[in-house]
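Let me begin by presenting the structure, written as structure tokens, before commenting on it.
Residue numbers (the numbering used here): 632 to 724.
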């Protein structure tokens, strides 16, 4: 079953997550990351979202993927820990 979830997370800046995932296996089907943060270069955010699609929603895998992606760009207003927490917050009731 496909589920949709949203989360607003306050880090240094606001992070908004829209997530669609397969419920029984907790795998990301689609994800949209927005907010008042900055990421340079801008296309890095699209690339990060693409990397997260198909991943199982667990702290270690998501954080590792984000950390690897952020090595190639400059985030302002968030870090890998806060973005991971924002994504995992979508699963909270």
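Don't be surprised by glycine CBs; every beta carbon is placed ideally from N, CA and C.
Query - Cα-Cα separation between residue 664 and residue 642, rounded to whole angstroms - result: 14 angstroms
Report task. Could you check the C-alpha separation between residue 657 and residue 688 for me, to the nearest Å? Result -> 5 angstroms
Query raised in the report: What residues are listed by DSSP as bridge partners for residue 636?
Result: 650
Report task. Just mark residue 713 as buried or exposed, buried being the case when its beta carbon has 16 or more other beta carbons within 10 Å. Result -> buried
Query raised in the report: Residue range of the alpha helix (DSSP H) that residue 711 falls in?
Result: 711-719
Query - Residues near residue 696 in its chain [Cβ-Cβ closer than 7 angstroms; skip 5 each side] - result: 682, 683, 686
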